[in-house]
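All remarks here apply to the structure that follows.
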Amino acid sequence: MSRRLIDLTVRELMNATSFFEKGKYEKTLEKLNMAEKLAEKAKSPDLLCCVLLHKGEVMDATDKPYEALALYEKALEISSRLFLNESRDASSQKSLYNSIGLIGNTLKEIDSVSEAEESYERTNKYFDGIFDVYEKLIAEQPENPEYLLNYLKTLVSFRGYFLIVGQSEKRIPLVNSTLKTFKKLLNIQPENPEILERLDSFVKKLGEEFLEDELFEEAKKIYEQLQGIYRNLLEKDPDNELALHYLIFSYGYFGELYSRQGYLEKMDETYQQAISIVEDNLRKNPEDTAFLVNRGKIYEELGLHYSEAEDPEKANYYYEKVLKNFENMNGKFPDNLDYQFELAKTFENLGKLFAKINRVENAKKCYMHKIEIYEPLFEKDPEDEDLKLDIIDTLMQVGSLYAGAEDLETAKQYYEKAIEGYEMLLSGDPGETEFEMGIADVLNTLGDLYAKVGPEDIVPEDMVPEDAELETAREYYEKALNLNEKASGLYPDDETCREALVGTLGNLGDSFAVQERYGDAIPFYRRIVKIKEQVVRDKPGTWLDIKALTNFLYQLGSFYGEVGETELEREQYSKATELYSRVLHDENLQLPVRKILAVDVQFRGVDFISSKKYDAAEDSLDLALEFFESLYEKDPEDPENYHFICEALYQSGNLQQALENFEEAAKIFDSLLPIVEKLLESDPENPDAREKAGINYADAGKVYSLIGEYEKSKQAFGKALVINAALFEEESDNPLYKINQAETFEKYAKLLSKLGRNEEAEDYTAKSKEIYRKLAEEDADEEDTDEGDTDEEDTDEEGTDE
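For what it's worth, the working numbering labels the leading residue of the sequence shown as 110, then goes sequentially.
Dropping the structure here:
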């Protein structure tokens, strides 16, 4: 009977696995519940553990981490008892390390200190016994690789678990036990690639944790132990090539350590030791691909470290060594596709590294090497469209390099070669929308080249295109638009086609807006709004689509405002506010998302105040205030709500000040200031909260003064002055604190004048002016320094060109 029950349990588990892989979680759970009952009837704890772990995975997949945690803890309890009673049972050993590993992962996902502590309290009663029993088992069976490997996995799982539950002191002995276990395993199987990879991965991850916490000595010790293991293996067997390669890798960990500490010379010396080992082996066998790759990777890591240390010359020096290394490998093994693809990928990555340090010609060389590898492969297999698309993508990267260097003509040549590549593909497959869309993308990029738009790190902000350049840009955009309209007409529900059309319409609209031809920009943005409105109608619950639509409505509204169509301008802003209202009142939408959207609409309101569009500002700020007030009213003691409600009230008060409704502004500040006090009490050391509070009190003081409530004004200014002085004392170089102090002195001086305290008023006015004078001098010094830096950079570039 028991055998029959076990067979049935296994069958239900297999069915459950099949359903799980298909994403049918309800059916999976149904099968697992049946398997659980069968396992209990069969009195099979190992199968029961397996069922519980699978059920936990279903809970994880359906976003129920607490339910998953309970199941994993139950599995741990059963597997712990099973192991303690029968330590040689391999299934209990596996259930043990699986359950503790899954508990750790789930606690990491939950991300709650209290939950982690409670979990530890529930489970730790078995841990000491587990380690004791494992030590005895390994002592009895030191040559059993299965037990050693299971023990190793258990140690690694527990180390991660202790880190998550805040028991970091328990990790140190586990590290030592783990390394001892690795040594024992490697004594039995010195060339086992899985064990060597696990060892390398374990030490690498542990070292990264130490470096993150700046525990440099601890990292050094663990790396020294790692090298000791490899050297011991090589002493016993000098031909153990795997151990030798991992020894070479380990020098990189020391290199990272010294780089983090800023010891660049020591870092360089360390990598040179690895290079020396590689060169010795290459002298014996100059064509050994593995060592050639190692040499290139070592030089690449050296270049990366110098790049991060902002030494582009040294970085370039080592990257050029990488380039030479892999150029020597080019052209070999033409029939080995894996070799060719890996080499092409290496050249592409190196091209990106050269581009990062602005070495355009070297970057181009790398990309062209990649194309040289791919083109003969494509000639052999012209049906491989992905290969041709990769060549086209690489041509685009080269074009972008020259665009970044402001060499428009050369950039254009490579973009046009990319178009030729798409046209070649189209000749074999006429009318293929993907290829036509690709051409449209390139045409848009060519348009961007002349419109001088692109990533901020490529196009200087002060570079304004000429009218003739914009005309050229529009010619490219219009060609792209024809292709995008065709694709969108064929596939109206395809999101890629739709977004490409929106992008091109936006490019055309922006090309007119930059010339302040807002009337010409409006039709393009009206089309975009129409497309986006349809998307929202089709998917009314997708907040990202709603957010995108509001952005275009605001842009369209601003264009209407520029041409004097105030009613249409107001209509767009109203539509945007209505959309925000819809999502903010949607209880099905996660609260953190609604908070982000409420802050966004609040920012819009602040922008409207700046541009003196007060009606639109009022709509936006009222909506944000309503949302944050509702959160505050639900839980007035939750500190997370204080910052939001304070900012919402402050901006509403700011609007009333702009409208010169000072009595109304004063009422708002009456509501605001008690919450500011709660904010400061909840987080008294937070400089951001204190800085905001200082501004709130200073503005309240100003408003109270304007309506003649001088006592309240003095109290508010008194608090602002104390906060500002404390912040300035803590961080006297902070320009924001200086500006706040200057503004508060200026506002306070006006109150003092009203109170007839003219000498004090003059003193505070003088203090304010002195701060502004010093800030102006600092700005001038910075501008001089920036100009000097620019001159130096120009000189360096000239030297490089020569």
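For glycine and all other residues, C-beta sits at the position ideal for the given N, C-alpha and C.
{"query": "Under the three-state DSSP convention, the category ASP309 falls into", "result": "helix"}
{"query": "Under the three-state DSSP convention, the category ALA144 falls into", "result": "helix"}
{"query": "Rounded straight-line distance, which links the Cα of GLN643 to that of GLY371", "result": "56 Å"}
{"query": "Straight-line Cα distance separating SER536 from ASN390", "result": "50 Å"}
{"query": "Rounded straight-line distance, which links the Cα of LYS497 to that of LYS393", "result": "39 Å"}
{"query": "Sufficient close CB pairs (3 or more, under 8 Å) joining the region 654–665 to the region 688–700", "result": "yes"}
{"query": "Reduced DSSP secondary structure (H/G/I, E/B, other) of LYS393", "result": "helix"}
{"query": "Length of the line joining the Cα atoms of ASP566 and TYR360", "result": "Annotation note: pLDDT 39 at ASP566 (below 50); position unreliable, no value reported."}
{"query": "Three-state secondary structure (DSSP) of GLY908", "result": "For GLY908, the predicted structure reports a pLDDT of 36, less than 50, and the residue's modelled location is therefore unreliable. A value from the coordinates is still provided. Looking at GLY908 - three-state DSSP - the assignment turns out to be helix."}
{"query": "Whether TYR524 touches MET505 by CB criterion (8 Å)", "result": "yes"}
{"query": "Boundaries of the alpha helix (DSSP H) in which LYS203 is found, first to last residue", "result": "199–219"}
{"query": "First through last residue of the alpha helix (DSSP H) which encompasses HIS752", "result": "748–767"}
{"query": "GLY132: first and last residue of the uninterrupted alpha helix (DSSP H) it sits in", "result": "Neither: GLY132 is in no alpha helix (DSSP H) and is coded neither H nor E."}
{"query": "Rounded C-alpha distance that separates MET168 from LYS140", "result": "14 Å"}
{"query": "Distance between SER720 and GLY673 (C-alpha atoms, nearest Å)", "result": "14 Å"}
{"query": "CA nearest to the CA of LEU257, picked from ALA225, ILE281 and PHE291", "result": "PHE291"}
{"query": "Continuous alpha helix (DSSP H) assignments of at least 4 residues falling wholly in the region 640–724", "result": "652–671, 675–693 and 700–719"}
{"query": "C-beta neighbour in chain B for MET477, strict 8 Å", "result": "The structure shown contains no chain B; it holds only a single protein chain."}
{"query": "Span of the alpha helix (DSSP H) around GLY810", "result": "796–815"}
{"query": "Span separating the alpha-carbon of GLU226 from that of ALA179", "result": "14 Å"}
{"query": "Coarse secondary structure for SER228, derived from DSSP in three states", "result": "helix"}
{"query": "Beta-carbon contacts of PHE753 that lie in its chain and below 8 Å, excluding the five residues immediately before and after", "result": "LYS704, ALA707, VAL708, PHE737, LEU740 and TYR741"}
{"query": "Helix, strand or coil at TYR881 according to DSSP, with G and I counted as helix", "result": "helix"}
{"query": "C-beta atoms of ALA858 and SER877 nearer than 8 Å", "result": "yes"}
{"query": "GLY615, buried or exposed, once every other Cβ within 10 Å from all chains shown has been counted against 16", "result": "buried"}
{"query": "DSSP state of LEU356 mapped onto helix, strand, coil", "result": "helix"}
{"query": "C-alpha gap between LEU413 and TYR428, whole angstroms", "result": "8 Å"}
{"query": "Rounded straight-line distance, which links the Cα of ASN301 to that of GLU121", "result": "36 Å"}
{"query": "Presumed contact (8 Å Cβ cut-off) between ALA560 and PRO539, rounded CB distance", "result": "At roughly 31 Å, the Cβ-Cβ gap does not stay under 8 Å, so ALA560 and PRO539 are not in contact."}
{"query": "CA-to-CA distance, LEU836 to PRO793, given in whole angstroms", "result": "12 Å"}
{"query": "At least three beta-carbon pairs within less than 8 Å, the region 172–190 to the region 141–148", "result": "no"}
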